Ligand code: HEM
Ligand SMILES: *[C@@H]1O[C@H](CO)[C@@H](O)[C@H](O)[C@H]1NC(C)=O
Ligand SMILES: *[C@@H]1O[C@H](CO)[C@@H](O)[C@H](O)[C@H]1NC(C)=O
Ligand SMILES: *[C@@H]1O[C@H](CO)[C@@H](O)[C@H](O)[C@H]1NC(C)=O
Ligand SMILES: *[C@@H]1O[C@H](CO)[C@@H](O)[C@H](O)[C@H]1NC(C)=O
């Protein structure tokens, strides 16, 4: 045998070994419910599609819900658990309440799944599927979602604060926050692109517009004309939960590259969005995604799968919640 061929065989064996050890660790897999609940993903998609027809704001909620689930105790469905008399749950943190909606739709999908295959499909997986369907329904790529997550039994409002970055964060703070979840700068830039759809409450930009720092009333990284428009919609100190602004005014419900185009002209809605321009590495990624929508959508799908793996419960850990709002 020639040494070149021998080398190639050794290389293949190495790759196979790496593949096997990687799959042994990460037990999530595409088609996990194929045998136990064959139509699980289809059932979720049907419920989500119907709900989105009635309320076109929901896709943003499900994508954000998956993010907020995964960043607090891993993707374990803890975001869905209701508060009780002695516990304020994640759901009721001011970060999520009242801005995050769609819990009733997840409950509806769960009820349908329980009828078809009792105690099989986790609430954490339902969120991951719903987020994927939401990306697709908004014009992004459909992608395969590895599943097999199990549901956690703990949900605490207090844990949302240290784990979910506020919109006032700068790039180094965001980088640190993502790194603590095993996500890198590329993931940060790509996943922030979710802000190409949806809306924000005025409360989330109040300080950026009206009380930025001791030297500037308004964040100087925000385009002044855009700031003026935003201030009209969001008067100082407004706490009215009905007051919202679109994240991406040019195409508020379309999953496209326009989030990145906004950033390039200093019209990112949050300081955190605009901060992606503050290092050459992240600025380059912003430019790439702005210029190539296909590339952005492909990267986004991959980054969502990566995010969906954060600290997942598998095997015998956790439980399959029968009702997403309460632990078994
Ligand atoms: C990088 C750090 C991030 C920060 C600081 C941040 C912050 C925020 C804030 C403050 C809002 C507005 C909430 C409101 O006032 O209604 C929001 C909305 C949203 N976020 Fe993020 N976010 C980040 C990353 C992400 C990621 C990674 C995703 C998903 C992959 C995401 C998806 C969304 C979506 C879709 C909305 C719109 C929600 C709606 O229309 O109801 N965000 N985000
Ligand atoms: C980001 O914010 C932190 C905390 O306020 C600060 O210490 C740090 O210097 C800031 N970094 C940059 C690059 O502005
Ligand atoms: C403006 O911000 C400062 C520093 O964060 C804070 O102490 C002050 O109360 C704020 N003022 C208003 C009117 O919100
Ligand atoms: C917000 O809107 C709801 C429904 O449209 C209304 O009942 C409520 O009074 C509004 N809240 C405020 C503070 O304006
Ligand atoms: C959880 O709370 C929501 C709204 O407060 C309610 O509609 C839902 O029925 C509750 N779920 C359970 C299982 O109690």
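In mature numbering (1 follows the signal peptide of the UniProt record, and there is no 0), the protein residues as written are -26 to -1, 1 to 302. Cβ coordinates follow ideal geometry from the N, Cα and C atoms, glycine included. If you're wondering where the values come from, they're calculated on a predicted model, not measured in any experiment.
Take residue 310 as the anchor and find which of 232, 137 and 167 has the nearest alpha-carbon. The structure shown does not extend to residue 310, since the chain spans only -26 to 302, so no value can be given for it.
Is there contact here, the segment 77 to 90 with the segment 203 to 220, by at least three beta-carbon pairs under 8 Å? Not touching, per the Cβ criterion.
Exposure of residue 170, with buried meaning 16 or more beta-carbon neighbours within 10 Å: buried
Among 30, 43 and 236, whose alpha-carbon lies nearest the alpha-carbon of residue 197? 236
For residue 123 and residue 264, I'd like the C-alpha separation in whole angstroms. Taking C-alpha positions only, residue 123 is separated from residue 264 by approximately 33 Å.
Would you mind giving the Cβ-Cβ distance between residue 80 and residue 104, rounded to the nearest angstrom? I have them listed as a contact below 8 Å. Confirmed, Cβ separation roughly 6 Å.
Under 9 Å between C-beta atoms of residue 159 and residue 259: Yes, they are a contact pair.
Taking residue 174 as part of the alpha helix (DSSP H), name the residues at either end of that continuous run. Where residue 174 is concerned, there is no enclosing alpha helix (DSSP H), although the beta strand (DSSP E) it sits in stretches over 173 to 175.
For residue 180, which residues in the same chain have their Cβ closer than 8 Å to its Cβ, ignoring the five residues on either side in sequence? Excluding residues within five positions, the ones whose Cβ falls inside 8 Å are 208, 210, 211 and 212.
In chain order, what residues of the same chain lie with their CB nearer than 6 Å to the CB of residue 11, ignoring the 5 residues before and after it? The answer, listed in chain order, is 91, 94 and 95.
Rounded C-alpha distance that separates residue 75 from residue 194: 32 Å
Distance cut-off 8 Å: residue 43 Cβ against heavy atoms of ligand 5: Outside the cutoff, so no.
For the beta strand (DSSP E) that contains residue 218, what are its first and last residues? 218 to 220
When the Cα atoms are used, what is the spatial distance from residue 150 to residue 29? 35 Å
For residue 64, the nearest candidate out of 298, 72 and 53 (CA to CA): Of the candidates 298, 72 and 53, the residue whose Cα lies closest to the Cα of residue 64 is 53.
What is the DSSP secondary structure of residue 247, reduced to helix, strand or coil? In the structure shown, residue 247 sits in a helix (DSSP, three-state: H, G or I).
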